[in-house]
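Structure record follows, encoded as structure tokens.
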Amino acid sequence: MSTAAASAQRPATTTGDGELTHRQILTVLGGLMLGMFLAALDQTVVSTAIRTIADDLSGLNLQAWATTAFLITSTITTPLYGKLSDIFGRKPLFMTAISIFLIGSIACTFAWSMYSLAAFRALQGLGAGGLMSLALTILGDIVPPRERARYQGFFLAVFGTSSVIGPVIGGLLSGVDSIAGLDGWRWIFLVNVPIGLVALVVVQRVLNIPHVPRPARIDWPGALALTLCLVPVLIVAEQGREWGWDSTSSIVCYVIGVVGLLLFLLAERAYGDAALIPLRLFRTGIFSLSAVLNLLIGMAMFGGIALLPQFLQIVHGATPIEAGFMMLPLVGGIMVASILSGQLTSRTGRYKIFPVIGTAFITIAMVLLWQTVTPSIPIWQLDLTMALLGLGLGLCMQTLVLAVQNAMPARDMGVTTSSVTFFRQMGGTLGTAIFLSVVFSTAGDKIADALRSALGTSSFRAALTDPAVAADPANAQVVGALQSGQAGGLSSSVLADSSFLQRIDPRLAAPFQEGFTSAMTLAFLIAACVIAVAFVLVLFIRELPLRTMSGAQAALAEAAGEGGAAASVPTEALATVAPAPAPATRGDGGGRGADVAPPTTPMPVVARQEPPHPAPQARPRPHNGTVGDAAAAAGLDHLHSTGGDGPAVTGRVQGSTGAPVPGAVSPSPGCPATRSVAPPPTAMATTASSSTSPGASWSWRPPRRCRRTPPRSRSAPNRSATTCGCRSAAASAAPCSTPRAPRCPGSPSR
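Residue numbers (our numbering): 11 to 760.
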């Protein structure tokens, strides 16, 4: 019996569909990371090249639409890809996203106007939305959460790095007049093609994830309502600085966005589980908190990425390429923290500590930027602050995604991951718009105040009267405006084109740099407050044990548990037998005491199935109906006919995948089964052969005192065949209503 017990106690491991080797995982990850690299890169690569592009296409006043169009379509399609991948599978949707992105990149290469470029960037965004969300979803399908943290750190390192080095690549390529007969800026989009083709080939050849078919009910009304909500919000976020936040155009966008949000909520409620973002997800605390945290952290990440290059270029006079290289400490911090936190999570199984430390780091970094950023700040000091900011971002991003994937059912892997990604992108878009709006809406007044203060200093007055300064044509505009008292015009001109600050005398440029720095520190203060809220919220996230089953395996197990795993229960099963309860004792007052059972000591045995035999025409069901039904469905029909005073069967029957067999649910604790079922003689078989087969498992539990429920009717459904005891748990989980009842037939005497 020891051999059987030892074998039976070993947990079953799923080695079928959904499990890849380490080498296959690394190969798939290579293709996924290439796709994510392209999508994240194109979010920021145009930022430093847009002026060159607009000059070449004669559309300087339309330059913002090249970025806005990409952000709108990539943000809106992110949750749609997640939902469609749950229905139709990950691989076809990911390959579709890559293909759309490549077609859009080729079209952008040959754009002939700013309108055509904006349209092709929108097409590019349709593919980018799937690349960012599905990459993390597929990772969740092929790697268990405990091991996923290691790989996810590389993903988020790639995401953060590509977001930061995008301006560097854009500046390098746009600074070249021509490459192979094409304008340099056109190669910004053309370089995506070979990288995307490699990713497409890798995914096609290696990625094979088992897919559980789902009802093909697509929430198109929800998608349309979400589009109606987000498009005006994103447009006003990008154009609000030019229109004015209280202008008629902005107010119209606000109203349309609110109407779209209300329609979206109504559509999601109507579609239930088939909704684009099912509202039931928000009833899970981890999902709700992670959505808010990703929104706030996205604001800090993309807001910081947008503000720091502006400071380096306007105040320190760096070129776009130089500013990109100066951001490398931020990149290094993101990479180191993402990879390190992933490795530690994989080894220890703990992950909550990382976003707590990460949000604290980001808050400290923003406070330092608020307090220490001046025109004369040493670069090394700024580098240390950016490194601290990068460490905080790296500790937060991948851990929050992992927490959501681990907490939600595997069947919702696509929609949950894409929803978290959606909120991070929304935070990035809103953060960039809000922080830049704060800077440029207050910079004019700050510069005017700095100029008035500078006029009272001797060094500034000496620069105005210096003949050498007056003779330089670059200084003529500034000197003339100051001498005529038109400082307000200068503060407006620097917001339109700040390049003249690098050409004028440093003494004249100082007030402009101080005013711009003062406006930027206000934005850093707002960012610090936002992240401080995130730090408080992250303390309330519950840390759940990380699962050891991949998303694909868990989805198959869930599907088997829901759709008929009873037919696949093996012929041998593991059982645990508890000793019979001790006789009841009487209390001091002479009343009847409660049944007292000694502590359960599990004893492994093997229940071997016998060939099924035909049942009589009219045979009453045992009272423990739920387990009896499951045993009948599994072919363990001989358990029905046993009776007497043996221990009652309770618990769940599990299939080979670990999923519970439908109907094999233990009776409610408040309403225990009282019909005693004795184990068959074959249950004590100790042969070695019976111990090696994987099987279903259930528990043997001591009987409880029966309680009689009031009779419902002869035709009442789910009523037990015996007149003694409670209904089965499948019929009702409510406790028995009759406090005392006569002794059940076959139960021990009182």
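C-beta: ideal position from N, C-alpha, C; glycine also.
DSSP state of residue i mapped onto helix, strand, coil
i      : result
Ile387 : coil
Ser300 : helix
Thr667 : Here the model assigns Thr667 a pLDDT of 49, short of 50, so the residue's position is not dependable and the matter cannot be decided.
Gln73  : coil
Glu278 : helix
Lys93  : helix
Met418 : coil
Val55  : coil
Glu157 : helix
Arg290 : helix
Glu524 : helix
Pro483 : helix
Ala121 : coil
Thr31  : coil
Gly139 : helix
Ile514 : coil
Leu273 : helix
Gly68  : Note that residue 68 is Ser in the sequence shown, not Gly. Here Ser68 sits in coil by DSSP.
Gly466 : coil
Ile551 : coil
Ala285 : coil
Asp476 : coil
Leu556 : coil
Ala544 : helix
Gly180 : helix
Ala99  : One point to set straight first is that residue 99 is Gly, not Ala, in the sequence displayed. Of the three classes helix, strand and coil, the one that applies to Gly99 here is coil, per DSSP.
Pro630 : Annotation note: pLDDT 45 at Pro630 (below 50); position unreliable, coordinate value reported separately. Here Pro630 sits in coil by DSSP.
Residues sharing a beta bridge with residue i, DSSP
i      : result
Leu192 : Ile189
Neighbourhood of residue i by C-beta, 7 Å cutoff - its chain only, sequence neighbours within 5 removed
i      : result
Ala533 : Leu317, Phe445, Val448, Val449
Ile266 : Leu238, Pro242
Val548 : Leu303, Pro365, Val366, Thr369
Close-in-space but distant-in-sequence residues of the same chain around residue i (CB under 6 Å, 5 per side omitted)
i      : result
Val260 : Note that residue 260 is Ser in the sequence shown here, rather than Val. Taken in chain order, the residues that qualify are Val246, Gly250, Trp253.
Leu238 : Gly270
Phe432 : Thr88, Pro89
Ala542 : Thr373
Arg602 : Caution is warranted here: a pLDDT of 41 is assigned to Arg602, below 50, making its placement in the model unreliable, and the coordinate value is therefore given only provisionally. Same-chain partners within the cutoff: there are none.
Ala49  : Ala138, Leu141, Met142
Lys456 : Gly525, Ser528, Ala529
Contacts around residue i, its chain only, beta-carbon distance under 8 Å, and the 5 residues preceding and following it disregarded
i      : result
Arg768 : Here the chain has residues from 11 to 760 only, and residue 768 is not among them.
Leu378 : Thr395, Leu398
Tyr161 : Ile35, Leu39, Leu149, Val153, Gly352
Val292 : The question names Val, but residue 292 in the sequence shown is Phe. Excluding sequence neighbours, Phe292 sits near Ser298, Ala301.
Ser469 : Arg517
Leu244 : Thr78, Leu81, Ile82, Thr85, Thr439
- Task: May I ask you to verify whether the stretch 113-131 touches the stretch 279-292, counting CB pairs closer than 8 Å and requiring at least 3?
- Result: no
- Query: On the three-pair Cβ rule with 8 Å, is the stretch 291-303 touching the stretch 256-271?
  - Reply: no
- Query: So does the stretch 386-400 actually touch the stretch 363-377, counting three or more Cβ pairs closer than 8 Å?
  - Reply: yes
- Query: What are the start and end residues of each continuous alpha helix (DSSP H) run of 4 or more residues lying completely inside the stretch 190-269, in chain order?
  - Reply: 197-200, 202-216, 230-253
- Query: Using 8 Å as the Cβ pair cut-off and three pairs as the minimum, do the stretch 337-349 and the stretch 159-171 touch?
  - Reply: yes
- Do the stretch 50-61 and the stretch 183-199 make contact, defined as three or more Cβ pairs closer than 8 Å? yes
- Task: Ignoring anything shorter than 4 residues or poking outside the stretch 326-393, list the alpha helix (DSSP H) runs there in chain order.
- Result: 330-336, 338-358, 363-382
- Message: I want to know whether the stretch 70-87 touches the stretch 130-140 - three or more CB-CB distances under 8 Å.
- Response: yes
- Message: Three Cβ pairs or more, each shorter than 8 Å: is that satisfied between the stretch 311-328 and the stretch 524-531?
- Response: yes
- Query: Quick check: the stretch 453-469 against the stretch 329-341, are there 3 or more CB pairs under 8 Å?
  - Reply: no
- Could you tell me whether the stretch 40-49 touches the stretch 197-216, using the rule of 3 or more Cβ pairs below 8 Å? yes
- Message: Using a Cβ distance threshold of 8 Å, determine whether the stretch 352-361 contacts the stretch 303-310, with at least three qualifying pairs required.
- Response: no
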